[in-house]
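Since the structure comes first, as structure tokens, the remarks are kept for the end.
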């Protein structure tokens with residue numbers, strides 16, 4: 383055990399985490415020349431295209447330092463705020479972390495957020511200043527920020543460039559010399575933490591574990607604490623680029639186990655695995671820190687072609703196997719037919735699921751307006767959770783509505799503070815704190831309603847700060863708010879897929895803008911189409927899409943006016959009849975228009 387080092391890399395998005403992992407794998411010759419490529423640990427197409435890590439990965443490296451062989455277990459983590467829980471479990475499986483900061487951008491919001499997660503687990507932090515070869519690198523400024531953040535010495539910061547391979551040996555030596563070896567007792571009862579799982583079509587669920595105490599080998603009877611399910615171990619091993627089976631895994635090791643688990647829902651990230659006695663009771667104790675992953679954003683997913691409903695259901699089931707954070711249940715919509723109400727960790731998670739459905743399963747889908755979970759307390763004092771505007775009860779039954787508030791940390795340059803404060807105040811934000819990290823960088827803390835964050839807050843923030851602001855947020859509380867259901871009526875019929883739950887103060891403005899936008903998107907029909915925004919029975923905004931009109935009086939050359947009137951009346955009756963039987967065609971862009979209201 384004294385020659386094992388378990389570590390992770392924490393950084394803000396695009397600070398060079400995956401590139402640094404590539405260089406470490408090349409330096410330790412873990413990856414052969416034939417397997418070398420950029421982002422070697424990011425094996426999903428979406429990850430490679432977007433240049434972000436979505437799924438945690440683990441890999442073992444062998445490194446010789448001062449003539450001693452060491453086993454280095456790298457647990458790569460996602461960087462985005464949506465996947466914070468997954469990051470926290472990966473961090474809990476380590477003893478140390480490389481804190482990577484981009485020399486051109488300095489410390490950002492998620493650097494701080496993930497650092498706090500690491501410090502909460504008492505990890506040893508190795509500060510690394512990456513991208514020192516960039517022309518815009520501010521070496522001394524960035525180092526000062528890191529010293530202020532973690533209280534380290536200037537000399538302990540390793541200067542590196544993952545792209546050019548500068549400083550990689552120093553990082554490997556620091557991992558061996560600074561990060562402590564794992565503690566644990568091989569003879570104690572088994573305690574292993576699940577930090578990830580992957581579904582294999584032939585072998586069932588492959589569980590990635592970190593063993594804290596005891597030993598595990600094929601043939602052992604094990605139990606998952608949270609799900610209270612028993613299994614028999616078929617295979618254990620370590621994680622190289624491919625899996626390497628071993629005869630056993632012991633305290634301090636990171637590896638995988640296969641136990642014929644058929645259902646991905648049975649494995650929860652953060653759960654503890656222990657041995658069981660003959661009576662089926664757990665022998666070891668549960669590790670602290672387990673939480674259920676809670677979805678934050680909800681949206682409906684429907685197939686464009688209603689005949690593809692069953693194909694979409696199969697695709698969702700396959701996606702669920704590799705993404706335990708996705709939850710879904712069937713629902714129907716008057717406008718869109720049969721589909722699914724899905725829960726996501728955040729907007730990025732939602733975009734990725736959408737992209738994977740379209741690319742991996744070749745299905746064209748419509749996504750409805752994202753919503754968040756509200757608490758409704760009815761007149762009887764009962765608490766009802768609603769995730770979709772369609773589930774909202776009758777206003778007469780509601781005593782009060784509570785909405786989720788997020789504690790948001792925004793780090794930006796001081797010149798953009800005014801604009802960002804205006805944006806947050808416009809989104810009903812409550813100002814909490816302002817700290818100057820340096821003379822030029824400010825950390826702003828706001829409480830913001832989640833419903834205001836999920837639409838286009840992040841895009842607006844990036845626009846007004848010219849890309850220099852970074853955002854990190856976490857759920858703070860549920861608070862009472864004056865919320866109403868905004869319905870959209872097309873041709874006097876409610877389109878439930880366009881409904882939204884909004885604050886009463888912004889309902890009129892949102893309704894007006896949405897009606898204008900839909901007027902541009904909905905094509906002209908042979909009859910006039912009315913677009914209305916309404917709260918209950920009260921219409922608050924209206925636009926009209928004019929009908930196509932054939933000039934029936936063109937064939938009249940002069941003559942009596944009554945002849946022209948007769949033709950126009952006949953046309954009017956025809957239009958009226960068509961209006962009664964005609965249905966409005968809603969293009970897919972109409973459902974996406976709600977997301978980008980200016």
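Numbering (my numbering), first residue to last: 383 to 980. Ideal placement from N, C-alpha and C gives every residue a C-beta, glycine not left out.
Three-state class that DSSP yields for residue i in the structure shown
| i | result |
| --- | --- |
| residue 529 | helix |
| residue 839 | helix |
| residue 682 | strand |
| residue 558 | helix |
| residue 386 | strand |
| residue 988 | The structure shown does not extend to residue 988, since the chain spans only 383 to 980, so no value can be given for it. |
| residue 848 | coil |
| residue 534 | coil |
| residue 481 | strand |
| residue 611 | strand |
| residue 424 | The pLDDT assigned to residue 424 is 48, lower than 50, so where the model puts this residue is not dependable, and the model offers no usable value. |
| residue 809 | coil |
| residue 606 | strand |
| residue 799 | helix |
| residue 393 | strand |
| residue 505 | coil |
| residue 623 | coil |
| residue 773 | helix |
| residue 674 | coil |
| residue 447 | strand |
| residue 1020 | Only positions 383 to 980 of the chain appear in this structure, which leaves residue 1020 out of reach. |
| residue 493 | helix |
| residue 469 | helix |
| residue 586 | strand |
| residue 578 | strand |
Assumed close pair residue i, residue j - CB separation to whole angstroms, cut-off 8 Å
| i | j | result |
| --- | --- | --- |
| residue 605 | residue 664 | 5 Å |
| residue 551 | residue 571 | Residue 551 to residue 571, Cβ: 40 Å. No contact. |
| residue 469 | residue 393 | 11 Å between Cβ atoms; not a contact. |
| residue 515 | residue 548 | 7 Å |
| residue 409 | residue 531 | Their Cβ separation, rounded to whole angstroms, is 27 Å, which puts residue 409 and residue 531 out of contact at 8 Å. |
| residue 355 | residue 485 | The displayed coordinates of the chain run from 383 to 980. Any statement about residue 355 would go beyond what the structure contains. |
| residue 911 | residue 871 | Actually they are not in contact, since the Cβ atoms of residue 911 and residue 871 sit about 10 Å apart, beyond 8 Å. |
| residue 827 | residue 814 | 4 Å |
Beta carbon of residue i nearer than 8 Å to that of residue j
| i | j | result |
| --- | --- | --- |
| residue 563 | residue 387 | yes |
| residue 715 | residue 684 | yes |
| residue 568 | residue 592 | no |
| residue 679 | residue 880 | no |
| residue 786 | residue 832 | yes |
| residue 889 | residue 866 | yes |
| residue 544 | residue 402 | yes |
| residue 868 | residue 917 | yes |
| residue 488 | residue 823 | yes |
| residue 655 | residue 631 | no |
| residue 745 | residue 693 | yes |
| residue 790 | residue 732 | no |
| residue 983 | residue 391 | Beyond the ends of the chain as shown, which are 383 and 980, falls residue 983; an answer cannot be given. |
| residue 743 | residue 697 | yes |
| residue 639 | residue 589 | yes |
| residue 805 | residue 842 | yes |
| residue 561 | residue 506 | yes |
| residue 646 | residue 703 | yes |
Straight-line Cα distance separating residue j from residue i
| i | j | result |
| --- | --- | --- |
| residue 491 | residue 851 | 8 Å |
| residue 573 | residue 614 | 16 Å |
| residue 455 | residue 476 | 9 Å |
| residue 668 | residue 846 | 47 Å |
| residue 587 | residue 580 | 6 Å |
| residue 688 | residue 799 | 48 Å |
| residue 625 | residue 457 | 15 Å |
| residue 546 | residue 395 | 19 Å |
| residue 658 | residue 734 | 39 Å |
| residue 860 | residue 830 | 11 Å |
| residue 819 | residue 527 | 7 Å |
| residue 773 | residue 723 | 11 Å |
| residue 535 | residue 620 | 36 Å |
| residue 802 | residue 616 | 55 Å |
| residue 416 | residue 480 | Low confidence applies to residue 416: its pLDDT is 47, below 50, so where it sits in the model is not reliable, and the reading given next is rough at best. Straight-line Cα distance between these residues: approximately 27 Å. |
| residue 653 | residue 736 | 28 Å |
| residue 602 | residue 767 | 42 Å |
| residue 892 | residue 792 | 26 Å |
| residue 949 | residue 929 | 17 Å |
| residue 754 | residue 944 | 59 Å |
| residue 887 | residue 898 | 19 Å |
*Only counting runs of 4 or more residues, tell me where the alpha helix (DSSP H) segments fall wholly within the region 688–751, in order along the chain.*
691–704 and 729–742
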